[in-house]
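Novice: If you scroll down you'll find the structure; I have some questions about it.
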Amino acid sequence: EAQVTQNPRYLITVTGKKLTVTCSQNMNHEYMSWYRQDPGLGLRQIYYSMNVEVTDKGDVPEGYKVSRKEKRNFPLILESPSPNQTSLYFCASSFTFVRGGEGYTFGSGTRLTVV
Amino acid sequence: QKEVEQNSGPLSVPEGAIASLNCTYSDRGSQSFFWYRQYSGKSPELIMFIYSNGDKEDGRFTAQLNKASQYVYLLIRDSQPSDSATYLCAGAKNSGGYQKVTFGTGTKLQVIP
Chain A
37 EAQVTQNPRY LITVTGKKLT VTCSQNMNHE YMSWYRQDPG LGLRQIYYSM NVEVTDKGDV
97 PEGYKVSRKE KRNFPLILES PSPNQTSLYF CASSFTFVRG GEGYTFGSGT RLTVV
Chain B
4 QKEVEQNSGP LSVPEGAIAS LNCTYSDRGS QSFFWYRQYS GKSPELIMFI YSNGDKEDGR
64 FTAQLNKASQ YVYLLIRDSQ PSDSATYLCA GAKNSGGYQK VTFGTGTKLQ VIP
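Chains as they are written, first to last, in the numbering used here: chain A, 37 to 151; chain B, 4 to 116.
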């Protein structure tokens with residue numbers, strides 16, 4: 037089954053404790069992206085990747101890191117989480133957006149709470 | 004001004020009616036547009052995409068794009084209670100070789116049985 041797999045689904049952590057949210061896709065997609073979703077603010081892009089070893093900042097990258105060492109994996113790293121990073125996170129992937137393309141396929145989400 | 008704007012709703016329609024959701028965008032460089040459906044607590048699911056002016060139909064769903072007026076519509080015919088969800092509009096534009104996708108904040112649709 038074609039899918040984007042995120043783990044964990046739920047995570048409660050303490051301020052300053054490094055964490056990684058994993059994301060893996062089995063569709064051989066080039067584009068991958070991380071979004072956070074907050075009430076009233078919608079989906080905001082954190083980082084994106086156009087291919088292996090090619091990553092760039094989105095609209096809200098502060099406090100986050102990513103890496104793309106393999107095409108299928110795109111982990112999100114919070115080196116020192118803070119309470120304002122409490123949010124619902126989505127990983128997404130796509131083959132192309134040219135003339136509409138396929139659009140993003142989203143993972144099931146990770147609800148992160150930082151206390 | 005937000006790049007993609009939607010009325011947050013909720014938009015309430017009776018079962019069987021046509022639900023009309025709209026979205027406006029500010030960047031004329033946006034080339035492709037997407038409608039996603041998101042049930043509460045779930046991930047967004049792609050319903051339709053459109054990149055040419057005019058209408059595009061898929062089952063009960065019709066997307067309309069008017070580039071001159073910079074709006075995108077989603078029409079849902081014969082609305083069902085299962086259509087109750089938040090609908091996200093998104094636009095994609097070329098940004099340094101990458102198709103950057105920007106989402107609106109979503110419109111909540113309630114279909115009343």
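The beta-carbon is built from N, C-alpha and C at its ideal position, and this holds for glycine as well.
Could you give the residue range of the beta strand (DSSP E) that holds residue 17/B?
Specialist: In the second sequence, residue 17/B corresponds to position 14, counting from 1. Segment 14-17, the beta strand (DSSP E) holding residue 17/B.
Novice: Is the CB of residue 52/B under 8 Å away from at least one CB in chain A?
Specialist: Taking the second sequence and counting its residues from 1, one reaches residue 52/B at position 49. Taking Cβ atoms only, chain A reaches closer than 8 Å to residue 52/B, which makes this a yes.
Novice: Could you have a look at residue 120/A and say whether DSSP puts it in helix, strand or coil?
Specialist: Within the first sequence, residue 120/A is the residue found at index 84, counting from 1. Helix, per DSSP.
Novice: Would residue 62/A and residue 39/A qualify as a contact pair, given that the criterion is a beta-carbon distance under 8 Å?
Specialist: Position 26 of the first sequence, counting from 1, holds the residue named residue 62/A. Position 3 of the first sequence, counting from 1, holds the residue named residue 39/A. Yes; because the gap between Cβ atoms is below 8 Å, this pair is in contact.
Novice: So the beta strand (DSSP E) residue 50/B belongs to, where does it begin and stop?
Specialist: Along the second sequence, read from residue 1 onward, the residue named residue 50/B stands at position 47. Start and end: 48-53.
Novice: Identify the residues that DSSP records as bridge partners of residue 68/A: which are they?
Specialist: Here residue 68/A refers to the residue found at position 32 when the first sequence is read from its first residue. Bridge partners of residue 68/A: 85/A, 129/A.
Novice: Looking at the C-beta of residue 60/A, does it have a partner C-beta in chain B at a distance below 8 Å?
Specialist: Taking the first residue of the first sequence as position 1, residue 60/A is located at position 24. False, the Cβ-Cβ gap to chain B never drops below 8 Å.
Novice: DSSP three-state call for residue 98/B: helix, strand or coil?
Specialist: Here residue 98/B corresponds to residue number 95 of the second sequence, with the count starting at 1. In the structure shown, residue 98/B sits in a strand (DSSP, three-state: E or B).
Novice: By how many angstroms is the C-alpha of residue 76/B removed from the C-alpha of residue 51/B?
Specialist: Along the second sequence, read from residue 1 onward, the residue named residue 51/B stands at position 48. Along the second sequence, read from residue 1 onward, the residue named residue 76/B stands at position 73. If you take the alpha carbons of residue 51/B and residue 76/B, they lie about 11 Å apart.
Novice: If we call anything under 8 Å between Cβ atoms a contact, is residue 79/B one with residue 18/B?
Specialist: One-based indexing of the second sequence puts residue 79/B at position 76. One-based indexing of the second sequence puts residue 18/B at position 15. For residue 79/B and residue 18/B, no; Cβs fall outside 8 Å.
Novice: Taking the alpha-carbon of residue 148/A as reference, which of 97/A, 80/A, 87/A, 120/A has the nearest alpha-carbon?
Specialist: Within the first sequence, residue 148/A is the residue found at index 112, counting from 1. Comparing Cα-Cα distances from residue 148/A to each of 97/A, 80/A, 87/A, 120/A, the minimum goes to 120/A.
Novice: Does the segment 68-80 of chain A touch the segment 125-134 of chain A, meaning 3 or more C-beta pairs lie closer than 8 Å?
Specialist: Yes: at least three Cβ pairs fall under 8 Å.
Novice: What did DSSP end up calling residue 11/B once you bin it into helix, strand or coil?
Specialist: Within the second sequence, residue 11/B is the residue found at index 8, counting from 1. In this structure, residue 11/B counts as coil in the three-state DSSP scheme.
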